[in-house]
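Notes follow the structure.
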Amino acid sequence: MRKLLASGFTIFAVLGIGISAQTTASATTQTTRWLCGADTVDVRYSAGGAPTGRIVYYGQTVEHDSGAGTWWHITSPYNGYVLGQYFC
């Protein structure tokens with residue numbers, strides 16, 4: 001009975017490790033870019049949406065988690081969307 005419980009615990013532990021590894025693997029990667037193609041860029045609530053009133057200035061860096069399209073979702077220094085074409 002103890003061997004059965006021990007093997008059950010081992011299987012559960014292995015499955016738990018697999019689940020946590022899968023969650024980590026699907027997490028998005030943060031990339032740092034700096035504003036180089038404009039003096040200022042407005043941060044928007046959504047892609048192409050209304051401005052938040054926050055501004056990124058020339059030379060300031062942002063952390064973004066998606067940059068494949070025109071609008072990038074940034075997470076630092078603010079949370080919102082910016083036009084990616086102005087960042088190096």
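Residue numbers 1 to 88, in my numbering, belong to the letters of the sequence shown in order.
Ideal Cβ placement from N, Cα and C applies to all residues, glycine included.
{"query": "In terms of DSSP beta bridges, what is P51 paired with?", "result": "R44"}
{"query": "Alpha carbon to alpha carbon, how far is D65 from S46?", "result": "14 Å"}
{"query": "So what does DSSP say about Y57, is it helix, strand or coil?", "result": "strand"}
{"query": "Taking all protein chains shown into account, do 16 or more other C-beta atoms lie within 10 angstroms of the C-beta of W72, making it buried, or fewer, making it exposed?", "result": "buried"}
{"query": "Cα separation between C36 and V62?", "result": "12 Å"}
{"query": "I need the DSSP call for Y78, collapsed to helix, strand or coil.", "result": "coil"}
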